[in-house]
Amino acid sequence: ADLLTQTGQPAIVRPLKLSYRSTAEVMLLAREVLGPELAPDEPLAARPGEPVELHEFSDIGEAVAFLSDALRNLMAREPTASCCLIARHPEQADAYFQGLSRAEIPALRRVRRDEFTFQPGVDVTDVTQVKGLEFDYVIMLEANASSYPTQHWARHLMHIGVTRAAHQLWLVSTSEPSALIPAALRDGGRMTVG
């Protein structure tokens, strides 16, 4: 707008009111995660999608076994899909990557600092690496109370992670799920719109 004004052209800035990246279900969760004081004018989602799901496990081994089956099925069904498993901490990403490597997940990559290939497959990384990126499928790893406490910085990080999903979002927790996750999702395991 400033550049147009400098040329003598009138400029009006209007915020985008539709989210084209994520589905209505993902954006509903994103709005809940931020809370009303941080996101009063969140854009509306342009399209409906799959329910957001919360999967709770007793330990990382159980979570990896479940994810191994789901990811193998996904890559067989949609070989051109991009899937990102997003941990809060690099050490969590390392642990899941090691487990999934042993399970021989096809096109599995451990991504650190700007190493994304943007190729089909499964990327495992931490939330600080994904801002501005988009993936067909996102799985938030360890979406628990210790990784995402009820603090503003945690709200922003979880919001960044969940809004990377273009088509479907799952949350995985091996301990008490974060209180940032709405009670309806924590109690029922799925979140839909409508």
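Position 146 of the sequence shown, counted from 1, bears residue number 1331 in my numbering, the numbering being contiguous throughout.
For every residue, glycine included, the Cβ atom is placed at its ideal position computed from N, Cα and C.
Taking residue i as the reference, give the member of the options with the closest Cα.
| i | options | result |
| --- | --- | --- |
| M1343 | G1246, S1253, L1326, L1256 | L1326 |
| G1306 | E1217, F1242, R1262, W1338 | R1262 |
| Q1283 | G1234, D1372, Q1191, A1248 | A1248 |
| E1289 | F1303, P1264, R1257 | R1257 |
| D1321 | H1274, G1193, P1264 | P1264 |
Taking only beta-carbon atoms, is residue i less than 7 Å away from chain C?
| i | result |
| --- | --- |
| F1242 | This model lacks chain C altogether; it includes just one protein chain. |
Rounding to the nearest angstrom, what Cα-Cα distance links residue i and residue j in this structure?
| i | j | result |
| --- | --- | --- |
| R1340 | P1334 | 8 Å |
| E1276 | G1246 | 15 Å |
| T1208 | R1232 | 5 Å |
| L1219 | V1323 | 18 Å |
| C1269 | E1217 | 22 Å |
| R1297 | L1354 | 21 Å |
| S1332 | W1338 | 11 Å |
| R1295 | I1366 | 26 Å |
| A1250 | Q1336 | 31 Å |
| R1371 | G1234 | 19 Å |
| P1291 | A1330 | 31 Å |
| T1313 | L1259 | 25 Å |
| I1345 | F1242 | 23 Å |
| P1195 | Q1304 | 42 Å |
| D1308 | T1192 | 45 Å |
| G1374 | E1361 | 13 Å |
| E1300 | P1221 | 35 Å |
| T1302 | G1317 | 15 Å |
Look at residue i and residue j and say whether their C-beta atoms are less than 7 Å apart.
| i | j | result |
| --- | --- | --- |
| S1363 | A1328 | yes |
| A1266 | T1348 | no |
| A1272 | D1311 | yes |
| L1213 | V1378 | yes |
| A1351 | E1319 | yes |
| V1315 | H1240 | no |
| M1376 | V1211 | no |
| T1359 | D1279 | no |
Identify the residues that DSSP records as bridge partners of residue i: which are they?
| i | result |
| --- | --- |
| L1239 | L1356 |
| A1350 | F1320 |
| R1273 | According to DSSP, R1273 bridges with nothing at all. |
| R1375 | E1238 |
| S1267 | G1306 |
| P1362 | N1329 |
Every unbroken beta strand (DSSP E) inside the stretch 1289-1333 [3 residues or more]: 1293-1295, 1306-1311, 1320-1325
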